[in-house]
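As structure tokens, the structure follows; a few thoughts come after it.
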Amino acid sequence: MRRPFIGLAIFLAVALSSAAILTGRAQVKSTSPPPTKRADVFAPNKLWTLHLKFGAKEYQGLTPKGGGFGFGFGKKDFGPPKNKEEIKKDPNANTDIHKNKAFGTEFPWVKGDLEFAGKLVTSVGIRYKGNSTYNMAQQGLKRPFKIDVNHFVPDQKLHGLGGFALGNNIADPTRLKETLGFEIFRAAGVPAPRTAFVKLYLTVTDSHQNAYVGLYTMIEPVDKPFLRERFKSDRGMLLKPERIQGIPYRGESWSAYKDFFNPKRTPTEKQKRRLIEFARLVNQADDATFNKKIGEVLDVDNFLRFAAANSMIANLDSFFGLGHNYFLYLNPKTNKFNFIPWDLDLAFGGMGFGGPDQTDWSIAQPYMGKNRLTERVLAIKSHNDAYRGHLRALTQGVCSPKAMRGRIDALETLVKDSIAREPAQKGFGFGFGKGFPGGKKQDLRDFVTKRTESVVAQLDGKSKGKTIAGFNFGGFGGKKGPGFMGFGLGNRLANPILEYADKDKNGKLSLDEFKAAAVKLFEAAGGAPKKAIEEKGLLAALDKAIPPPPGFGGFKPPPGGFKGFSPSGGVAGAIMKQGGAGPDKKLTQAQFLGGAERLFKQWDKNKNEALEEKELVDGINQFLPPPRFGPRPGFGPGPGDPKKDFPGKESPKEKNR
0 MRRPFIGLAI FLAVALSSAA ILTGRAQVKS TSPPPTKRAD VFAPNKLWTL HLKFGAKEYQ
60 GLTPKGGGFG FGFGKKDFGP PKNKEEIKKD PNANTDIHKN KAFGTEFPWV KGDLEFAGKL
120 VTSVGIRYKG NSTYNMAQQG LKRPFKIDVN HFVPDQKLHG LGGFALGNNI ADPTRLKETL
180 GFEIFRAAGV PAPRTAFVKL YLTVTDSHQN AYVGLYTMIE PVDKPFLRER FKSDRGMLLK
240 PERIQGIPYR GESWSAYKDF FNPKRTPTEK QKRRLIEFAR LVNQADDATF NKKIGEVLDV
300 DNFLRFAAAN SMIANLDSFF GLGHNYFLYL NPKTNKFNFI PWDLDLAFGG MGFGGPDQTD
360 WSIAQPYMGK NRLTERVLAI KSHNDAYRGH LRALTQGVCS PKAMRGRIDA LETLVKDSIA
420 REPAQKGFGF GFGKGFPGGK KQDLRDFVTK RTESVVAQLD GKSKGKTIAG FNFGGFGGKK
480 GPGFMGFGLG NRLANPILEY ADKDKNGKLS LDEFKAAAVK LFEAAGGAPK KAIEEKGLLA
540 ALDKAIPPPP GFGGFKPPPG GFKGFSPSGG VAGAIMKQGG AGPDKKLTQA QFLGGAERLF
600 KQWDKNKNEA LEEKELVDGI NQFLPPPRFG PRPGFGPGPG DPKKDFPGKE SPKEKNR
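Residue 31 in numbering that gives the first Met the number 0 sits at position 32 of the sequence shown, with consecutive numbering throughout.
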């Protein structure tokens, strides 16, 4: 699909672009007529030209602090975030930071200029964004961006847009999944963002001049105008959940929900109570009560359409899989919750750990592991019939093999030249095709055809499809469920531990609950009251409880391979040391529980005799060493090095289409 990037520039084009830079205005042409309003920007089949411009200091300031994979590679200043005392001591520290709650990465906002379809907007807010999409791209230029047009200039707009996301599609070899996925959600009747394609250029003082970065997907924000257009009101509670699966009940205190459901603005007390009521109904109500009340708190029709579209595109990186990449909106007009999709670049079977069965994913169980809300809603016959009706309509309409092939052909024609011109990207080895080394191609036409055929066969009763198991924290005898499978060990482990050990469901752990979980781990490692454990047994128990990070599409190991990678290895060694293992390298139950109690007291920073989620995250991150993926030099220069991460220049002069 993609041809090698040649990197030769016609002399005249170089001269024109250089002259434009000297005057501060690049003559970058758009391939579409200039838009005048928000709807024009996201009209079908749009390919725009966008140019980001930074001073050298501002560009360097984009580099995040903290979070990420934590594997010990990258630029020297990519590491733990500065704490408040360090910020106070550093007068130059940027405190305007967005913290990614999934990976813990802190993305600084910086000021830059933006030229879109010939219109220049100055002093806009720009930062990097993303979870895996940032981490996989951080060694090169093609990183995902978040644009906030009015971040520094109040009420500043770009064709009615206050901001937007720029997806780099690094995990999508086709570059089409976000666009196709959102189109299918909208065709199913789900309020979903619109998209457009963007050819992105970069100018940085003294390093890059009109450098062509590559093809991006521009994604409409779920903001107030979006909510007003889709729901006729923007005054409801908008949530973007992370690190949870389903709608778990965590007790009656809002504090147990806030950091997981991530409200976009401060909710009212009534809105807080509504979410807690929703979670309680899903998890604790008997069937009769649930069946009677669920339609009062959930827009069931929206949810069934949302589930059908998500199943149709086999999207595991979602509410139905890893438990994130969606919005919940409490519509003030109805007082019911609505689902809105987000981040679809790993749809259409893009999650590597899902295996080859994703084309045949069961429509009867359209979720990984456990998902109590979906289970209970689909157990109601009328709702199940409606859900299957939405699937049938999709297979006969927008998702029919003929319709999908035609749409893929049209989109490929639109973007193929922009993809062919992309320079080779340095990265983590997750890449695809020419632009991202080490990856594999995916036949999207073949996937959508097989997926539609499977759904039709299941609807006709000729096949049952295949279920996809969830990640198992239940190696200790607990229930299955992934929690959030991030890469930083604190972020990965805190929520599953809380879900497993929090027996009274108050959103925190008492010492008794913490020690009871420790006993389960001790027993899983082969121990008993009078039988000590060895590190080998503990390692085996932890390997069952802590799966390796999930793969993504064309995942491949970094140069040199995974040098002894096993997150459990570091955990087991740390626990043995904490427990005070002697020369025999064994731990008795008393030693094991003594170590657990010491950790509890160390992590209980506010001394309230309970561990909250943040204390668990911080404690685990402090206690456990980060896993490492081989030597750092194998990854090339660190992120943000403007003279190393992009060797050439590219003229912006292109054909008009």
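In this text, a Cβ means the ideal position worked out from N, Cα and C, and glycines have one as well.
Please look up how many angstroms separate the CB atoms of residue i and residue j, rounded, as I've assumed it's under 8 Å.
i, j, result
"G235", "L329", "5 Å"
"A595", "K514", "6 Å"
"F599", "L615", "Going by Cβ atoms, the distance from F599 to L615 rounds to 10 Å, so no, they are not a contact pair."
"T121", "D112", "5 Å"
"P365", "F336", "Between F336 and P365 the Cβ distance is about 19 Å, and since that is not below 8 Å, they are no contact."
"A195", "K45", "4 Å"
"E608", "L510", "7 Å"
"P528", "Q588", "5 Å"
"H382", "V299", "6 Å"
In whole angstroms, what is the alpha-carbon distance linking residue i and residue j?
i, j, result
"K145", "Y133", "11 Å"
"N324", "W253", "22 Å"
"P240", "K56", "34 Å"
"A500", "R142", "38 Å"
"F277", "S361", "26 Å"
"G159", "R37", "5 Å"
"A346", "R450", "12 Å"
"L280", "K269", "16 Å"
"N130", "K198", "22 Å"
"W108", "D445", "41 Å"
"L343", "R420", "24 Å"
"G428", "G581", "Low confidence applies here, because G428 scores a pLDDT of 37, under 50, leaving its location unreliable and the question unanswered by this model."
"D286", "E295", "15 Å"
"G166", "Y58", "18 Å"
"L497", "A313", "29 Å"
"L537", "L274", "39 Å"
"R391", "G460", "13 Å"
"R375", "M367", "15 Å"
"D258", "L321", "17 Å"
"P266", "R272", "10 Å"
"M575", "R264", "44 Å"
"K156", "A385", "41 Å"
"V570", "V518", "16 Å"
"F68", "I183", "Residue placement at F68 is poorly supported in this model, since its pLDDT is 40, which falls under 50; the coordinates are not used for a value here."
"I293", "T394", "28 Å"
"L297", "F230", "14 Å"
"K380", "G117", "54 Å"
"P206", "L443", "One detail in the question is off: residue 206 reads as Ser in this sequence, not Pro. If I take the Cα positions, the gap works out to 37 Å."
Which same chain residues, not among the five before or five after residue i, have their C-beta less than 6 Å away from its C-beta?
i, result
"E219", "F41, P192 and R193"
"G245", "N370, R371 and L372"
"S232", "P331 and K332"
"P247", "none"
"L492", "I619"
"P657", "In the structure displayed, the chain extends from 0 to 656; residue 657 sits before or after that span and is not available."
"G162", "I146, D147, V148 and P220"
"W602", "L610, E614 and G618"
"G426", "Interpretation of G426 is limited by its pLDDT of 46, a score under 50 that renders its predicted location unreliable; no figure is taken from the coordinates."
"L327", "L238 and F336"
"G525", "I532 and G536"
"Q621", "none"
"S417", "K198 and L214"
What residues in its chain sit with their C-beta under 8 Å from that of residue i, if we drop five residues either side in the sequence?
i, result
"R597", "Q577"
"K585", "A531, I532 and E533"
"S462", "D359, S453 and A456"
"Q283", "Y248"
"P32", "none"
"G579", "L586, Q590, G593 and G594"
Grab me the residues of residue i's own chain with a C-beta within less than 7 Å of its C-beta, minus the 5 sequence neighbours each way, in chain order.
i, result
"H389", "A187, L303, R304 and A307"
"G250", "K504, N505 and G506"
"L508", "L497, A500, D501, A609 and L610"
"N261", "K100, L238, K239, P240 and E241"
"V414", "L46, R174, F196 and L214"
"D356", "K465 and I467"
Would residue i count as contacting chain B if we go by Cβ distances under 8 Å?
i, result
"T333", "No chain B appears in the structure shown, which is made up of a single protein chain."
Checklist entry - Can we say the region 182 to 189 touches the region 300 to 311, given the rule of at least three CB pairs closer than 8 Å? => result yes
Item to check | alpha helix (DSSP H) runs wholly inside the region 222 to 308, at least 4 long, in chain order | outcome: 223 to 230, 254 to 260, 268 to 283 and 286 to 296
Item to check | Ordered list of beta strand (DSSP E) runs contained in the region 169 to 196, each at least 3 residues | outcome: none
Checklist entry - Where are the beta strand (DSSP E) runs, 3 residues long or more, that stay fully inside the region 347 to 417, in chain order? => result Residue ranges of uninterrupted beta strand (DSSP E) with 3 or more members are absent from the region 347 to 417; none lies entirely inside it.
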